[in-house]
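Participant: Pasting a structure here, questions to come.
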């Protein structure tokens with residue numbers, strides 16, 4: 001049932017078993033409307049993988065991302081992140097995990113407004129307990145690696161979309177996480193900038209071995225990943241490794 | 252994230268919306284300023300009253316002649332001259348009484364050279380000086396021998412001396428009181444107003460005997476207008492009052508069951524009432540001012556709630572990048588606290604300058620103590636924490652995914 005990995009001895013970074021997610025919404029009649037978004041999702045993601053999750057809107061891909069990112073909790077089923085059962089963790093421990101082990105990249109960038117790029121990148125370090133000057137120093141180094149040191153003192157609204165996303169990626173990377181979760185990171189960008197951002201992800205995955213899970217609905221973007229998972233109405237309908245040859249076959 | 256860093260974040264957030272921060276702070280500023288101002292005015296009034304009370308002398312009774320009535324018409328206290336110098340001397344011998352000072356008084360015209368001044372003339376005994384708690388500005392009070400020989404000596408109150416002599420030193424000079432020459436032997440130090448508002452320094456004092464025989468005259472020789480009695484100590488005041496009443500009833504041959512033909516007033520008791528009233532006033536002023544502080548606090552809660560709603564997405568982002576609940580709680584609580592502390596500081600400054608202006612413009616006594624400033628400040632901070640906690644908690648308990656989705 002699970003896709004066969006080339007290296008079976010590695011412990012999976014993400015191990016998901018029978019994950020379900022229900023939303024119950026209040027209605028005008030007073031009876032809650034129950035809508036199930038995820039059905040018995042099972043998933044293993046090993047360290048160093050670059051996974052693309054695809055699906056139409058409403059397929060449950062964003063919900064899955066939020067659960068993987070410890071921003072949301074499943075209704076039933078289990079989720080082990082780096083061999084820890086996430087359901088057993090307190091909100092403080094979850095905050096710590098989001099801070100140290102996960103980096104988020106969003107479609108709408110989600111930078112803090114009216115804060116310089118430098119301070120945006122430094123904020124996760126502040127929450128990790130570093131003092132302000134040390135955080136700024138490390139944040140500047142991170143911006144330099146992402147090629148943005150000249151924009152360190154710009155506020156988000158003074159930057160282009162691509163630059164903002166680079167700042168967001170710098171923020172995601174600054175605590176040296178094992179996992180990057182990117183929710184339609186190129187959704188607001190033109191194709192030229194998109195390929196630059198994707199090249200950056202590709203480089204991070206290959207050179208630093210960072211595990212990347214990416215949600216998209218564009219085939220071109222999904223093509224950068226080496227594994228493709230398709231969701232439809234809350235079910236995993238396709239999950240297999242892909243190579244450049246298999247991609248071109250699909251497209 | 253340590254407290255210092257969170258404080259920096261809170262300050263930054265306040266700076267981002269300066270107008271709103273300022274307006275919220277205004278509530279705090281006005282509240283704290285009102286508390287400081289009202290407390291300082293209350294304290295000033297209280298100490299002014301205390302000053303007047305101590306200036307009267309301590310442990311005093313005033314004994315007044317009784318009221319008389321004729322054909323159903325009442326003439327009021329002092330309308331008959333039932334008190335005598337003899338009564339005064341007898342009371343002075345009581346164990347619980349330290350001294351007495353009988354007084355006859357009237358008004359008289361004073362002349363010195365071309366200056367003249369109309370004032371109250373008080374005929375009394377040398378004990379008046381100690382009983383009233385006076386001190387000398389220059390010269391001395393008249394003596395017992397002046398009283399015995401009814402010499403023409405006068406002691407001037409400060410105001411009378413200034414009006415009559417200007418810059419000239421009065422002691423040793425001859426003045427005329429209703430055209431009779433008197434030698435000025437001393438000038439009393441200023442005491443200010445009594446509780447009733449009468450200026451105690453506009454007065455001239457002469458021996459009782461001299462006054463009775465030469466100036467005010469006396470329909471009933473030996474009778475006096477009133478006497479001041481000083482008790483031995485504060486503890487024996489009730490005892491002294493009972494002894495005075497018993498002695499006077501006996502001397503005036505008043506039958507059991509008949510009414511007194513005199514009145515004994517305990518000035519200490521009156522003073523206590525006045526101090527009590529001033530205290531209540533100052534508490535009331537403080538309470539009224541506290542209401543405005545409370546309103547300011549509610550304003551802070553309002554604004555913080557709006558701010559939490561507006562910044563829901565920001566809270567979500569912060570949670571996604573690793574902020575735990577305490578960090579979010581601390582950030583919003585500190586924002587509220589900062590508004591209070593900065594507003595409190597400005598309020599203290601405004602309150603003190605307001606108090607100073609009141610003291611200058613209205614000529615009122617103002618007292619500002621470190622205690623009341625600290626109280627207002629502590630109260631403001633407590634309000635900040637109290638009213639800031641609910642919005643901050645609301646922010647901290649947001650679910651990360653819902654906060655992030657918030658538009």
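Residue numbers (the numbering used here), protein chains in the order written: chain A, 1 to 251; chain B, 252 to 658.
Every residue, glycine too, gets a C-beta built ideally from N, C-alpha and C.
1. At 9 Å on the CB atoms, spell out the chain A contacts of residue 644 of chain B, in chain order.
2. Once you ignore the five residues that flank residue 63 of chain A on each side, which residues in its own chain have a CB closer than 8 Å to its CB?
3. Quick one: is residue 560 of chain B buried, meaning 16 or more other Cβ sit within 10 Å of its Cβ, or exposed?
4. Under 8 Å between C-beta atoms, does residue 267 of chain B make it to chain A?
5. Tell me where the alpha helix (DSSP H) around residue 20 of chain A begins and ends.
6. List the residues of chain A that residue 576 of chain B touches, going by C-beta distances under 8 Å, in chain order.
7. Using a Cβ cut-off of 8 Å (strictly closer), state whether residue 4 of chain A contacts chain B.
8. Please list the partners that residue 273 of chain B has in chain A, where partner means a Cβ-to-Cβ separation under 9 Å.
9. Shortest alpha-carbon distance to residue 335 of chain B belongs to which of B:349, B:478, B:531?
10. Which residue from B:430, B:386, B:468 puts its Cα closest to that of residue 443 of chain B?
11. Is residue 110 of chain A close to the ligand NAD? I mean its beta-carbon at under 7 Å from any heavy atom of the ligand.
12. For residue 11 of chain A, count the other beta carbons within 10 Å of its own beta carbon; 16 or more makes it buried, fewer makes it exposed. Which is it?
13. Please decide whether residue 655 of chain B counts as near chain A, where near means a Cβ-Cβ distance under 8 Å.
14. Any chance the region 433-443 of chain B sits against the region 343-360 of chain B, with 3 or more Cβ pairs inside 8 Å?
15. Show which residues of chain A have a CB atom less than 8 Å away from the CB atom of residue 256 of chain B.
16. Just confirm the distance between the C-beta atoms of residue 491 of chain B and residue 347 of chain B, as a whole number of angstroms; I'd bet it's less than 8 Å.
17. At a CB-CB cut-off below 7 Å, which residues of chain B make contact with residue 72 of chain A?
18. In this structure, how does DSSP classify residue 289 of chain B when only helix, strand and coil are distinguished?
19. Measure the Cβ-Cβ separation of residue 271 of chain B and residue 554 of chain B and say whether it is below 8 Å.
20. From this set, A:106, A:132, A:165, A:240, which residue's C-alpha is nearest residue 260 of chain B's C-alpha?
21. Give the residues of chain B in contact with residue 112 of chain A, contact being defined as C-beta atoms less than 8 Å apart.
22. Compare the Cα-Cα distances from residue 75 of chain A to each of A:48, A:18, A:110 and report the closest residue.
23. If you reduce the DSSP assignment to three classes, tell me which class residue 385 of chain B lands in.
24. Could you spell out where the alpha helix (DSSP H) holding residue 554 of chain B opens and where it closes?
25. Between residue 186 of chain A and residue 221 of chain A, is the Cβ-Cβ spacing less than 8 Å?
26. Give me, in chain order, the residues of the same chain whose beta-carbon lies closer than 7 Å to that of residue 5 of chain A; leave out the 5 immediate sequence neighbours on both sides.
27. Within this structure, are the beta carbons of residue 638 of chain B and residue 587 of chain B separated by less than 8 Å?
28. Could you tell me how far apart the beta carbons of residue 143 of chain A and residue 117 of chain A are, in whole angstroms, since I believe they sit closer than 8 Å?
29. Just to make sure I have the definition right: I need the residues of chain B whose C-beta is within less than 9 Å of the C-beta of residue 136 of chain A. Which are they?
30. Residues of chain A with CB under 8 Å from residue 635 of chain B, in chain order?
31. By the three-class DSSP mapping on this structure, what secondary structure does residue 120 of chain A have?
Facilitator: If we stick to the structure as given:
1. Result: empty, since nearest Cβ-Cβ is about 13 Å, beyond 9 Å.
2. Beyond the five residues adjoining it in sequence on each side, residue 63 of chain A comes within less than 8 Å, by CB distance, of 21, 37, 38, 72 in the same chain, given in chain order.
3. With fewer than 16 other Cβ atoms from the protein chains shown falling within 10 Å of its own Cβ, residue 560 of chain B counts as exposed.
4. Yes, because at least one Cβ of chain A sits closer than 8 Å to the Cβ of residue 267 of chain B.
5. DSSP places residue 20 of chain A in no alpha helix (DSSP H) but in the uninterrupted beta strand (DSSP E) bounded by 14-25.
6. Result: 91, 92, 95.
7. Residue confidence for residue 4 of chain A is low, a pLDDT of 43 falling below 50, so the modelled location carries little weight and cannot support an answer.
8. Near residue 273 of chain B there are no residues of chain A at all, since even the closest Cβ is about 17 Å away, more than 9 Å.
9. Residue B:478 is the option with its Cα nearest to residue 335 of chain B.
10. Between residue 443 of chain B and the set B:430, B:386, B:468, the nearest pair of CA atoms involves B:386.
11. With respect to small molecules bound, the structure shown includes none, and the ligand NAD cannot be examined in it.
12. Under this definition residue 11 of chain A is an exposed residue.
13. Contacts with chain A at 8 Å (Cβ-Cβ) include residue 655 of chain B.
14. No: the two stretches stay apart, fewer than three of their Cβ pairs being nearer than 8 Å.
15. Chain A residues near residue 256 of chain B: 126, 131, 132.
16. About 4 Å separates the beta carbons of residue 491 of chain B and residue 347 of chain B, which is inside the 8 Å limit, making them a contact pair.
17. Correct list: 652.
18. In the structure shown, residue 289 of chain B sits in a helix (DSSP, three-state: H, G or I).
19. Contact flag set, yes.
20. It is A:132 whose Cα lies nearest to the Cα of residue 260 of chain B.
21. Within chain B, the C-beta atoms nearer than 8 Å to that of residue 112 of chain A come from 565, 568, 569, in chain order.
22. That would be A:18, whose Cα lies nearest to the Cα of residue 75 of chain A.
23. Looking at residue 385 of chain B - three-state DSSP - the assignment turns out to be coil, as it is neither helix nor strand.
24. Its alpha helix (DSSP H) spans residues 518-561.
25. Yes, Cβ-Cβ distance for residue 186 of chain A and residue 221 of chain A is below 8 Å.
26. At residue 5 of chain A, the pLDDT of 44 sits below 50, so the modelled position is not reliable; the number obtained from the coordinates is stated separately. Excluding sequence neighbours, residue 5 of chain A sits near 46.
27. Yes. Within cutoff.
28. Confirmed, Cβ separation roughly 7 Å.
29. Contact annotation for residue 136 of chain A against chain B: no contact, minimum CB-CB distance about 11 Å [criterion: below 9 Å].
30. Simply none; closest approach about 23 Å.
31. Correct three-state label for residue 120 of chain A: helix.
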